[in-house]
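Enquirer: Going by UniProt numbering, 28 is the number at position 28 of the sequence shown; the sequence numbering is gapless. Yeah, the Cβ is synthetic: ideal placement off N, Cα and C, and Gly gets one too. Note that the coordinates shown come from a computational prediction; the quantities given were computed from them, not determined experimentally.
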Amino acid sequence: MSTVNALDPETGQPGKEYPILWWTTWFWAKEYEGILVDNCGLPYTCRLTHDRSVYGNTSTVIFHASMFELDTKDTPPLDADTRKKAWILQTAEAPMPFQRDPRWTKMFTHLWSYQFTADFVQTYFIAGRGPHSYLLSTIMKEPAFTIDGKNQKRREGLAPVAWIASNCRAHNNRHYYVKQLLKYIDVDIYGKCLKNKEWPKNEHGKDLSASEVVAPYKFYLAIENSNCDDYVTEKLERPLRLGVVPIVDGPKDYSPFIPTSDSVIREDAFASPEHLAKYLHKLDNDDTAYMRHLSFKYPNGTDGKTLNHLSSGLRQAFDTGDEAGNWGKDLRGVRCNVCKLTHDLAEGFVTLDPKRQIPIDQTCEFGKWDKAAWAYDFWFWHIMFALSIVGLLLFLLTHRRARGVLMQCANSVVSKVNRLRRKEDDEAKVPFIHMI
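(1) Taking just the CA atoms, how far does Ser133 sit from Asp81?
(2) What residue from His204, Lys179 and Val264 has the CA that sits closest to Cys193's CA?
(3) Determine the closest residue to Thr363 out of Thr117, His204 and Phe63, with distance taken between C-alpha atoms.
(4) According to DSSP, is Thr302 helix, strand or coil?
(5) Within its chain, find whatever has a CB closer than 6 angstroms to the CB of Leu221; leave out the 5 residues flanking it on each side and keep chain order.
(6) So the beta strand (DSSP E) Glu17 belongs to, where does it begin and stop?
(7) Let's see if you can read the secondary structure: which residues bound the beta strand (DSSP E) around Cys46?
(8) Grouping DSSP H, G and I as helix and E and B as strand, with all else coil, what is Ser66?
(9) Measuring CB to CB, does Thr105 end up less than 7 angstroms from Ile360?
(10) Between the Cα of Asp38 and the Cα atoms of Phe349, Leu345, Arg332 and Ala346, which residue gives the shortest distance?
(11) Just checking Phe68 against the ligand ADP - is the residue's beta carbon closer than 6 angstroms to any of the ligand's heavy atoms?
(12) Starting from Ile35, trace the beta strand (DSSP E) both ways and give me its first and last residue.
(13) Within 10 Å of its beta-carbon, does Lys278 have 16 or more other beta-carbons around it, so buried, or fewer, so exposed?
(14) Taking Arg334 as the reference, give the member of Glu17, Ser113, Lys84 and Met107 with the closest Cα.
(15) How is Asn196 classed by DSSP in three states: helix, strand or coil?
(16) Return the CA-CA distance between Asp344 and Leu36, expressed in angstroms with no decimal places.
(17) Can you give me the C-alpha to C-alpha distance between Arg100 and Trp199, rounded to a whole angstrom?
(18) Tell me which same chain residues have a C-beta within less than 7 angstroms of the C-beta of His50, skipping the five on either side of it?
Next comes the structure, spelled out in structure tokens:
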């Protein structure tokens with residue numbers, strides 16, 4: 001990562017500092033207060049602050065989406081005619097309801113989001129190359145367990161599939177799919193949603209890390225809580241790093257996030273949970289077929305050094321340099337880009353179109369598994385209801401008295417409808433002046 005000091009190239013002295021105002025609070029707000037953005041290779045710096053007293057001296061104001069949703073009236077005066085300040089909406093989650101309402105989206109000039117189409121793109125991963133947390137480097141690490149080690153864990157009773165879930169309130173109702181998958185294959189579930197396995201501890205009685213829990217499994221349910229374009233979280237990075245095959249459900253296009261086309265298994269590529277389970281059983285019993293999904297971990301020749309064997313989509317999205325203006329789709333990249341905008345607006349290098357506004361968010365498929373909930377959880381009652389209707393019809397058709405009652409009811413309904421129609425016709429003949 002570049003740590004070029006922000007020095008004025010002409011004077012050699014520290015460059016000018018520009019404030020960036022967070023109007024709303026957000027997660028870790030206190031920890032981020034006063035952070036200096038000075039590692040962008042720019043001849044100036046920016047400082048993040050929640051101090052609203054700097055409003056008159058800043059050219060960028062940032063709003064955290066979930067906090068704005070709680071109080072949409074807590075905003076500074078909007079200079080709608082001149083747009084002297086950039087109003088930036090920041091979100092890392094699926095869009096809030098107000099993001100689909102033009103009454104609110106027209107307030108903001110820029111979007112800071114996980115979406116690749118946003119003005120400032122921050123994914124859940126770190127772009128570039130490095131030895132530790134950079135996405136490209138972590139997914140190239142050796143698998144935590146060999147295939148022989150995983151098979152031994154299976155013989156010891158470990159399920160082939162693992163899932164860690166904190167709640168059952170996902171936007172897409174993913175847990176309904178998992179409930180059905182459980183009928184056809186064993187899944188060890190940790191967390192608060194559908195838990196069937198206690199969180200393991202080490203020899204000292206301390207909880208294992210999530211990575212330690214997932215590492216020995218063959219498959220991991222890396223299913224997102226929302227199905228939105230470009231919304232992919234650390235749920236995918238962890239199994240890719242550990243050498244566990246991810247079973248994914250999220251955006252329609254995963255190509256910017258995966259090392260090879262067969263490095264993940266898509267839930268919606270199968271007609272049903274049962275069909276997916278059959279495929280997983282097949283891989284569980286065929287080491288050669290299973291290892292094809294991990295081929296990116298074992299590149300040939302020197303490809304491991306150049307990363308050339310990784311997909312072009314992944315490299316294009318995350319293999320970025322450190323020079324100014326080539327920042328990646330991560331937190332540092334966003335800060336640098338926002339700092340540049342702040343400077344350019346303050347110095348008059350750019351102006352904002354008064355009509356500029358963020359688009360209405362239509363990138364998500366909400367309730368993807370809602371139909372599955374009815375089909376999966378309530379199939380018994382569907383069948384019972386259908387059988388009841390069929391039984392009633394058979395009874396009415398096979399009993400003379402029942403047929404008579406049915407015909408009498410039908411004639412009564414027809415007669416009542418005819419009387420209502422005659423009444424409406426009579427009222428329509430009343431002169432209009434009598435109806436005033």
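Expert: So, from the data block:
(1) In this prediction, Asp81 scores a pLDDT of 46, lower than 50, which makes its location untrustworthy; no coordinate-derived value is stated.
(2) Lys179
(3) Thr117
(4) Low confidence applies to Thr302: its pLDDT is 46, below 50, so where it sits in the model is not reliable enough to give any reading.
(5) Trp163 and Ile247
(6) Glu17 to Trp22
(7) Thr45 to Thr49
(8) helix
(9) yes
(10) Arg332
(11) No copy of the ligand ADP occurs in the structure displayed, which carries no ligand at all.
(12) Per DSSP, Ile35 belongs to no beta strand (DSSP E) and is neither H nor E.
(13) exposed
(14) A quick correction: the sequence has Val, not Arg, at residue 334. Nearest C-alpha to Val334: Ser113.
(15) coil
(16) 18 angstroms
(17) 39 angstroms
(18) Trp22, Thr25, Ala29 and Glu33
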